[in-house]
Amino acid sequence: MKNILVDSSVWIDFFKDGTASNELSDLIDKNLICTNDLILYTFDGHFSLMHKLFGLKLY
Numbered sequence: 007m008k009n010i011l012v013d014s015s016v017w018i019d020f021f022k023d024g025t026a027s028n029e030l031s032d033l034i035d036k037n038l039i040c041t042n043d044l045i046l047y048t049f050d051g052h053f054s055l056m057h058k059l060f061g062l063k064l065y
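Per the working numbering, residue 7 is the first one in the sequence shown, and the count goes up by one each step.
Written out as structure tokens, the structure is:
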């Protein structure tokens, strides 16, 4: 099976335990996902906002 490109909206939904979390979790377990720099940059911006709003830890 080929890798699946995971967009920032799916990552955000995954970390909010949304509707795509089970499917993405399965793909992660099977090592079938990929992403790119733009998606990571977009997701990082959302995480930084969540950090400011909810005090999430940055590592």
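Yeah, the Cβ is synthetic: ideal placement off N, Cα and C, and Gly gets one too.
Quick one, which of the options has its alpha-carbon nearest residue i's?
{"i": "Ser-54", "options": "Ile-18, Thr-25 and Ser-31", "result": "Ile-18"}
{"i": "Leu-33", "options": "Phe-49, Ile-45, Asp-43 and Phe-20", "result": "Phe-20"}
Just curious, the alpha helix (DSSP H) that residue i is in, first and last residue?
{"i": "Val-16", "result": "14-21"}
{"i": "Asn-28", "result": "27-35"}
For residue i, does the count of other Cβ atoms within 10 angstroms reach 16, so buried, or fall short, so exposed?
{"i": "Leu-64", "result": "At Leu-64, the pLDDT of 49 sits below 50, so the modelled position is not reliable; the number obtained from the coordinates is stated separately. By the 10 Å Cβ count, Leu-64 comes out exposed."}
{"i": "Leu-30", "result": "buried"}
Between residue i and the rest of its own chain, which residues show a CB-CB distance below 6 Å, the 5 nearest in sequence each way excluded?
{"i": "Leu-11", "result": "Cys-40"}
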